[in-house]
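Here the structure is laid out as structure tokens; the discussion comes afterwards.
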Amino acid sequence: MLTLPAFTHLCVTFFLHIFATLMASPVIVDITMFALCPGESECSLAIYLTGFQQTIIGLGSLVTMPLIGNLSDKYGRKALLTVPVTLAIIPLAILAYSRSRNFFYAYYILKILTAMFCEGSVLCLSLAYVADNFPEGRRASAFGILSGVGSCAFVCGTLSTRFLSTASTFQVATAMAMLAAVYMRVFLPDSIVNDNLSIPIMSEGKLKGIVNQDVESDKKVQTFKTMPSIEDMQALLKTSSTFSQAAIVSFFSNLADVGLQASLLLLLMPLLVPVLGEEKLLAIGIFFNCANMIVYSIAWSFWVPYAAAMFSLVYVFSQPCIRSIVSKQVGPCEQGKAQGFISGIGSFANVASPLVFSPLTSLFLSDTAPFYFPGFSIMCVGFALVRTPFDHNQYYVLRRKHSSIEPWIELAEDMLKYYFSSRNGADRCCGREPPLRGPKSK
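The sequence shown lines up with residues -24 to -1, 1 to 418 when you count with mature numbering (1 follows the signal peptide of the UniProt record, and there is no 0).
So this is what it looks like as structure tokens:
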């Protein structure tokens, strides 16, 4: 069981790392423009290099996230957490020393290489660390608190750059990144896995039945490998329909996510999860995220986006709920692999999102648009969220158990009529037939 001091040390490490990483975000655009196109107000080279960097980092993270998570199952969370926390220091230290053109290119190359291991891996390993030591009933609350700490670090890191010069910003960020690494190594205890918390779904017997269906039963299957293969990932998806649905939800949620998790997660997540449960809170979060996108797409006045921002108080629950659901589908020795797989799916979505929505946005903002609808691409983002699947049978069970939120359910049915009218997508993609009972027909 993870003690409160140990969880506090994890939150402090997570806060310091996110704080140091995000301090550079507000000023990196100015650094890029000054290094590549000095004295110019526009720089196409900066746009292309930034897009190339995002694509390479996303593709690299797709491979490294499952690898890091799998290695953490074998060598421990703290040992693997040391790698990204330490690597994050190098790019910041380069710009802290100099921001000339040559040093910028060195930063650019090293940022690509280190970000493949750093972006998402700290969150992935932190979630696996919590899942190792928290019982299933308390994981969602702990995940929400950890996400709230990350949101607070984002706010503090962004605000701090307003009071510092560019040179001082990178120097402070480097110092904070070094402090995070030292603090983690000194104070954070290693994760202690409790084998009685849950039962693994990646058991050797299940893998034999899924991966080696045409092979003799006496042939031994290697359950855990240092580098997960395609067969391992397929087996992980096929052994649990809930896990496969969570992977699809994670992809579309990252594809359409334009908000940041608010610090209110620290207060609301521990209170709502025991009452509603992760599945219902996930559905509510996705619904309000979809509503937020649709309102943005048809904004008719300057105040509408500000009013729609209130939806962020609800839709920030989706990612912690997904992580909590995933953690319950695997055993304690597989938390790193599962969380890394979900992070890899999210990284792939970060690559696919610009490729899909950037041309669509450019088309409807141009003079050759098929029809006048500047926010059409934003509405398509909302429709992408609507297509995220979940178990219809669980939906109706939860509806009967929580009749006090019946008005919200009715509103969700009216808004998401398109989703409920097409049954064969979410259910049959996981090998199930649609449920016998469906929503009320209009």
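Glycine included, C-beta positions come from ideal geometry on N, C-alpha and C.
Of the candidates Arg115, Ile66, Ala153, Leu339, Arg115 places its Cα closest to the Cα of Gln305. The beta carbon of Ala(-1) sits closer than 6 Å to those of Ala149, all from its chain and outside the five residues before and after it, given in chain order. Assignment of Asp166 by DSSP, reduced to helix, strand and coil, places it in the coil class. Taking the Cα positions, Met9 is about 12 Å away from Tyr81.
Counting along the chain, Pro67 sits inside the alpha helix (DSSP H) bounded by residues 65 to 73.
Per DSSP, Leu140 lies in no alpha helix (DSSP H) and is assigned neither H nor E.
In this chain, Pro346 is not harboured by any alpha helix (DSSP H), its DSSP state being neither H nor E. A direct Cα-to-Cα measurement between Ile121 and Phe139 gives close to 28 Å. If you draw a straight line from the Cα of Ala345 to the Cα of Phe(-11), it comes to about 45 Å. One Cα belongs to Ser342, the other to Gly261, and the distance between them is close to 33 Å. Val61 counts as buried, since no fewer than 16 other beta carbons sit within 10 angstroms of its beta carbon. Leu38 is not a Cβ neighbour of Ile66, given a cutoff of 8 Å. A distance below 7 Å between beta-carbons, with the five flanking residues on each side excluded, links Ile270 to the following residues of its chain, in chain order: Met355, Gly358.
Secondary structure at Thr215: coil, using DSSP grouped into helix, strand and coil. Going by beta carbons, Leu47 and Leu35 fall outside the 8 Å limit. Judged by DSSP secondary structure, Ile(-7) falls within the alpha helix (DSSP H) whose first and last residues are -21 to -2.
Pairing Leu99 with Leu(-15) gives a Cβ-Cβ distance that is not under 8 Å. Around the Cβ of Ala129, a 10 Å sphere holds 16 or more other Cβ atoms; the residue is buried.
When rounded, the separation of the alpha-carbon atoms in Val131 and Ile33 is 24 Å. In this structure Glu16 is exposed. Its beta-carbon is surrounded by fewer than 16 other beta-carbon atoms within 10 angstroms.
Distances from the CA of Thr(-17) to each of Ala69, Ala72, Val106 were compared; the closest alpha carbon is that of Val106.
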